[in-house]
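Colleague: Got a structure for you, written out below as structure tokens; questions coming shortly.
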DNA sequence: GATTCGCAGTAAAATGTTTTACTGGAACGG
DNA sequence: CCGTTCCAGTAAAACATTTTACTGCGAATC
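The following block contains the structure:
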């Protein structure tokens with residue numbers, strides 16, 4: 001009971017080789033170690049139930065083998081399916097590669113103290129994922145064209161040169177437009193996201209409106225209302241749209257939550273979603289399939305966005321190559337359910 | 001441009017003192033350092049924009065200044081208000097004390113490989129919070145009466161001797177019973193949680209039934225149905241209860257989600273929750289106040305449970321005193337809203 | 001027979017802290 | 001004037017690894 005915990009020196013002594021040899025074996029860069037020696041060392045590791053210290057390991061090469069997920073301070077950010085799926089995707093991929101995940105909340109004073117930088121500078125973390133970024137997060141400027149490993153997940157920016165991985169929102173807008181056109185709709189409305197601060201939802205809107213125009217359907221500005229991505233605001237938005245055009249036949253909502261708000265609004269006016277008015281959502285969150293009627297929507301595989309973000313981040317860290325920024329688009333897919341129907 | 005990053009040695013050289021002095025100043029155990037020296041060192045730190053490396057700091061005393069949150073692998077565990085609030089509470093308190101939070105998911109193979117132990121053994125983490133624990137998590141036995149810093153958040157176990165911080169579920173059961181009695185109800189039912197695997201919800205049920213009995217109201221076994229904490233299963237449970245006793249006047253649900261399920265069930269049978277049948281929930285999640293009718297419920301401050309868990313954990317780590325287990329109960333509070341009414 | 005090469009492994013430096021035990025000198029009481 | 005105490009700080013060990021440059025040796029090559 002001399003020692004609490006075996007270290008690499010103990011293993012070396014036990015198996016009669018040098019530290020270096022043990023280290024090489026642990027790190028699997030061991031072409032040059034012969035099989036018998038290798039086996040002896042592995043036995044010693046087993047016997048002493050040795051685990052290399054992550055702390056000490058990170059020290060020489062300044063690697064923590066840890067990644068941070070930074071989320072904005074929202075009302076229960078951790079209780080949102082959207083963040084939940086992104087985080088799961090990142091986690092899964094990171095865990096598979098032996099990386100740990102650190103959780104960080106970008107509160108006001110967190111940003112003011114530049115703690116995200118500390119994280120990188122004190123070697124706590126090898127890279128940072130930023131979820132839920134908007135154009136109001138001015139501190140991102142610090143990463144503009146910098147070689148600091150920060151990756152924006154599911155949003156992107158034109159004013160700053162950053163790494164990002166995003167769903168193909170333009171394709172989503174086009175898919176939604178094509179679907180409604182195919183069903184014969186012409187009196188169409190759109191409940192958008194916060195277009196003033198999020199580029200992706202602007203792209204969604206632009207692509208949707210643009211594609212409708214290509215098909216000769218004009219969507220006037222007044223039939224586009226912003227909904228802040230929440231059920232309640234979307235309900236109000238939908239009320240407003242129905243007042244402006246009581247005969248509209250289809251609404252494209254920038255996310256599924258807002259589509260549920262539209263359902264509520266319609267019902268309150270004794271209209272049936274999917275029959276009287278076609279509703280198409282965006283995201284395909286789990287409740288979309290379970291809603292009544294089951295929702296037609298554009299599936300955005302957020303889990304995959306998270307996973308791909310993580311793969312890209314790891315590549316970034318390994319290679320340290322700064323030739324160009326990461327700029328990956330994840331494909332989307334229209335899911336036809338019962339909330340859209342041919343025009344009568 | 002000789003160096004990338006200043007270290008403590010650079011600071012020492014710059015300010016003409018020894019490493020030790022700098023270290024003492026950084027760690028604020030610096031009674032013995034004179035003010036002028038202190039100032040000189042702080043200036044040097046500023047000038048070189050020096051940040052101590054967390055990795056190197058942890059090495060000598062085997063402290064990572066990091067805590068892990070372990071959650072079970074559930075359908076979108078990260079997208080649940082319950083976990084969200086617990087995590088927020090833990091995070092807040094940890095951040096205030098300079099601790100980082102690591103996220104870990106207890107998947108099947110994660111448990112099999114005992115990675116939670118690795119976490120402690122390789123010094124990645126100074127302590128582990130386990131959320132969403134049930135009696136099916138047999139691996140907890142490993143921490144039974146052990147001095148490993150694992151803390152069970154918002155559940156507890158009688159079969160294993162572990163640290164825990166829990167809401168006072170017994171008090172919640174009593175409060176709910178008292179409230180219904182006060183309103184004159186006698187035909188009462190209960191939709192319970194997964195009583196087979198979670199002790200806290202058994203306590204809730206027992207306290208509720210016990211208190212009713214004290215007031216002379218007998219709740220038969222058949223009027224208690226389990227609901228697995230989900231909206232859908234609770235709806236079915238409620239259907240069943242209404243079939244068994246169409247004249248029941250009140251239902252106590254073991255959480256708010258299930259109370260919402262009960263709302264649905266009642267409405268489907270053209271009964272008005274809060275008028276025809278009083279419903280009382282448990283948790284006071286945000287939607288409870290927003291539901292229709294606003295829900296009477298027992299508030300469980302999960303944020304506070306998380307925060308207190310973290311405080312206890314830090315105490316555990318600091319003192320390393322194993323005289324007794326942590327066993328803290330967080331008080332609950334009845335919130336009267338419109339889903340309960342005096343019997344007619 | 002000298003030179004080169006590859007093999008299997010090692011010595012030692014480097015990574016950046018904390019902490020314990022020490023030191024030289026000044027003040028101070030007897 | 002001597003011993004003690006205090007002050008302000010320091011030297012050096014410890015923490016656990018990775019990595020670079022090296023070494024001895026036998027085999028192949030010229």
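Chains as they are written, first to last, in the working numbering: chain A, 1 to 344; chain B, 1 to 344. Here a beta-carbon is modelled for each residue, glycine too, at the ideal position from N, C-alpha and C.
Give the interface partners of residue 51 of chain A over in chain B, defined as CB-CB distance under 7 Å, in chain order.
Modeller: Correct list: 118, 121, 122.
Colleague: Taking just the CA atoms, how far does residue 43 of chain A sit from residue 16 of chain A?
Modeller: Using only the alpha carbons, I get a separation of about 12 Å.
Colleague: Taking 8 Å as the cut-off, decide whether the C-beta atoms of residue 163 of chain B and residue 150 of chain B are in contact.
Modeller: Yes, the Cβ-Cβ distance between residue 163 of chain B and residue 150 of chain B is below 8 Å.
Colleague: Under 8 Å between the Cβ atoms of residue 329 of chain B and residue 168 of chain B?
Modeller: Yes; because the gap between Cβ atoms is below 8 Å, this pair is in contact.
Colleague: Flag residue 93 of chain A as yes if its beta-carbon sits less than 8 Å from any beta-carbon of chain B, otherwise no.
Modeller: Chain B contact via Cβ: absent.
Colleague: Would you mind telling me which residues of chain B sit closer than 8 Å to residue 76 of chain A, beta carbon to beta carbon, in chain order?
Modeller: Within chain B, the residues near residue 76 of chain A are 81, 84, 85, 88, 286.
Colleague: Please work out which residues of its chain come closer than 6 Å, Cβ to Cβ, to residue 273 of chain B, disregarding the five sequence neighbours upstream and downstream, and give them in chain order.
Modeller: So the qualifying residues of the chain are 263, 266, 279, 339.
Colleague: Indicate whether at least one CB of chain A lies closer than 8 Å to the CB of residue 326 of chain B.
Modeller: Output row for residue 326 of chain B: interface = no.
Colleague: Going by DSSP, which residues form a beta bridge with residue 23 of chain B?
Modeller: Paired residues: none, contrary to the question.
Colleague: Can you look up residue 238 of chain B in the DSSP assignment and give me helix, strand or coil?
Modeller: Reduced to three states, the DSSP call for residue 238 of chain B is helix.
Colleague: Give the DSSP-derived three-state secondary structure of residue 208 of chain B in the structure shown.
Modeller: Three-state result, residue 208 of chain B: helix.
Colleague: Regarding residue 256 of chain A and the ligand FMN, is the C-beta to nearest heavy atom distance less than 7 Å?
Modeller: Ligands in the displayed structure: none, and consequently the ligand FMN is not present.
Colleague: Contact defined as beta carbons within less than 8 Å: I believe residue 86 of chain A pairs with residue 305 of chain A. What is the distance between those atoms, to the nearest angstrom?
Modeller: Right, their Cβ atoms sit about 6 Å apart.
Colleague: Could you compute how far the alpha carbon of residue 207 of chain B sits from the alpha carbon of residue 71 of chain B?
Modeller: Roughly 28 Å between the two C-alpha positions.
Colleague: So residue 101 of chain B contacts chain A; which residues on that side make the cut at Cβ distance below 7 Å?
Modeller: Those within 7 Å of residue 101 of chain B in chain A are 102, 103.
Colleague: Quick one: using the 10 Å Cβ neighbour count with 16 as the cut-off for buried, is residue 98 of chain A buried or exposed?
Modeller: By the neighbour-count rule (16 or more Cβ atoms within 10 Å), residue 98 of chain A is not buried but exposed.
Colleague: Counting C-beta neighbours from all protein chains within 10 Å, is the total for residue 191 of chain A 16 or more, i.e. buried, or is it exposed?
Modeller: Burial call: buried.
Colleague: Looking at C-alpha atoms only, which residue of A:28, A:32, A:170 is the closest neighbour of residue 334 of chain A?
Modeller: It is A:170.
Colleague: Let me make sure I understand the geometry here. Which of A:226, A:100, A:344, A:197 has the alpha-carbon closest to that of residue 250 of chain A?
Modeller: Nearest of A:226, A:100, A:344, A:197 to residue 250 of chain A, Cα basis: A:344.
Colleague: Just mark residue 18 of chain A as buried or exposed, buried being the case when its beta carbon has 16 or more other beta carbons within 10 Å.
Modeller: Exposed, because fewer than 16 other Cβ atoms sit within 10 Å of the Cβ of residue 18 of chain A.
Colleague: How about residue 275 of chain B and residue 341 of chain B: do their beta carbons lie closer than 8 Å?
Modeller: Contact flag set, yes.
Colleague: Which first and last residues belong to the alpha helix (DSSP H) in which residue 174 of chain A is found?
Modeller: Run containing residue 174 of chain A: 169-182, per the alpha helix (DSSP H) assignment.
Colleague: Check whether the Cβ of residue 202 of chain B lies closer than 8 Å to any Cβ atom in chain A.
Modeller: Chain A contact via Cβ: absent.
Colleague: Once DSSP output is grouped into helix, strand and coil, what is the label at residue 267 of chain B?
Modeller: If DSSP states are grouped into helix, strand and coil, residue 267 of chain B belongs with the helices.
Colleague: Residues in the segment 257-289 of chain B with C-beta within 8 Å of chain A's C-beta atoms, listed in sequence order?
Modeller: So the list reads 286, given in the order they occur along the chain.
Colleague: What does a CB cutoff of less than 8 Å around residue 67 of chain B pick up in its chain, not counting 5 residues either side in sequence?
Modeller: Hits under 8 Å: 90, 94, 99, 100, 101, 102, 125, 126, 127, 128, 129, 310, 313.
Colleague: Below 7 Å between beta carbons is the criterion; list the residues of the segment 52-66 of chain A that meet it against any residue of chain B, in chain order.
Modeller: Within the segment 52-66 of chain A, the qualifying residues are 52, 53, 54, 55, 56, 58, 59, 64.
Colleague: Tell me, which residues are paired with residue 282 of chain B by DSSP?
Modeller: Residue 282 of chain B is bridged to B:298.
Colleague: Less than 8 Å between the CB atoms is what I'm expecting for residue 48 of chain B and residue 11 of chain B, so what's the real figure, rounded?
Modeller: Confirmed, Cβ separation roughly 6 Å.
Colleague: May I ask you to report which of helix, strand or coil DSSP gives residue 201 of chain B?
Modeller: Residue 201 of chain B falls in the helix class under three-state DSSP.
Colleague: How is residue 11 of chain A classed by DSSP in three states: helix, strand or coil?
Modeller: In the structure shown, residue 11 of chain A sits in a helix (DSSP, three-state: H, G or I).
Colleague: For residue 148 of chain B, which residues of its own chain have a beta-carbon under 7 Å away from its beta-carbon, when the five flanking residues on both sides are left out?
Modeller: These residues qualify, in order along the chain: 120.
Colleague: Taking the DSSP output, what are the residues bridged to residue 329 of chain A?
Modeller: Per DSSP, A:166.
Colleague: How far does the beta strand (DSSP E) with residue 225 of chain A in it extend, from its first residue to its last?
Modeller: Residue 225 of chain A -> beta strand (DSSP E) spans 224-226.
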